[in-house]
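A.B. asks: What follows is a structure written as structure tokens; I'll ask about it next.
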Amino acid sequence: MEEENKNVNSDGGTMPEEGMLAGKFKSVDALVRAYGELESEFTRRSQRLKALEEKLAFEEPSSKEEPHAPHGQEELLRAVTEDEGLRLKLFGDYLQSLRGVPLMGAGGMGVVAPVKKPATIAEAGALALGYFKRQK
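The structure is reproduced here in structure tokens:
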């Protein structure tokens with residue numbers, strides 16, 4: 000029983016056997032060889048990551064383009080702003096499409112929400128209570 004507990008440390012883990020370096024390696028040469036392999040693998044992965052990042056950076060700009068944008072957008076904007084008749088027609092058509100949505104009331108005053116009149120005593124009480132709560 001003592002033989003089995005000899006390789007167990009205080010936190011329950013196993014202790015390195017005698018003659019083992021850092022618990023895994025039998026000699027310094029084995030440790031150096033394992034470190035070299037680890038370093039090589041890290042270098043390979045770093046190179047692969049860099050290649051993938053470059054590929055992604057190369058492909059990214061094409062995905063940011065707007066597929067629905069007109070080819071001569073600047074020319075179209077210039078034509079609309081320079082031609083007074085075209086600009087008036089464009090904005091007139093736009094404002095006509097907003098029919099039913101009052102932008103201004105009569106006399107240049109803003110649109111006011113309709114007055115809400117209570118239909119029952121309970122609604123009147125609730126409105127009054129809300130009014131008094133807002134006044135505090």
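Numbering (numbering that gives the first Met the number 0), first residue to last: 0 to 135. The beta carbon of each residue, even a glycine, is placed where N, CA and C say it ideally should be.
1. For tyrosine 142 and leucine 75, what's the separation of their Cα atoms in angstroms?
2. List the endpoints of the continuous alpha helix (DSSP H) containing threonine 80.
3. Tell me, to the nearest whole angstrom, how far the beta carbon of valine 79 is from that of leucine 87; I am working on the premise that it is less than 8 Å.
4. Cutting at 7 Å between CB atoms, please list the residues of its own chain near leucine 89, excluding the five before and the five after it.
5. Going straight from the alpha carbon of phenylalanine 131 to that of arginine 98, what length do you get?
6. Excluding the 5 residues flanking leucine 126 on each side, which residues of the same chain have their C-beta closer than 8 Å to its C-beta?
7. May I ask you to report which of helix, strand or coil DSSP gives alanine 118?
C.D. replies: According to the structure shown:
1. Lying before the first or after the last residue shown, residue 142 is absent from the chain, which here runs from 0 to 135.
2. Annotation for threonine 80: the continuous alpha helix (DSSP H) segment containing it runs 72-81.
3. Between leucine 87 and valine 79 the Cβ distance is about 10 Å, and since that is not below 8 Å, they are no contact.
4. Sequence-distant partners of leucine 89 (beyond 5 residues in either direction) whose C-beta falls short of 7 Å from its own C-beta, in its chain, are Val79.
5. 38 Å
6. Taken in chain order, the residues that qualify are Lys115, Pro117.
7. coil
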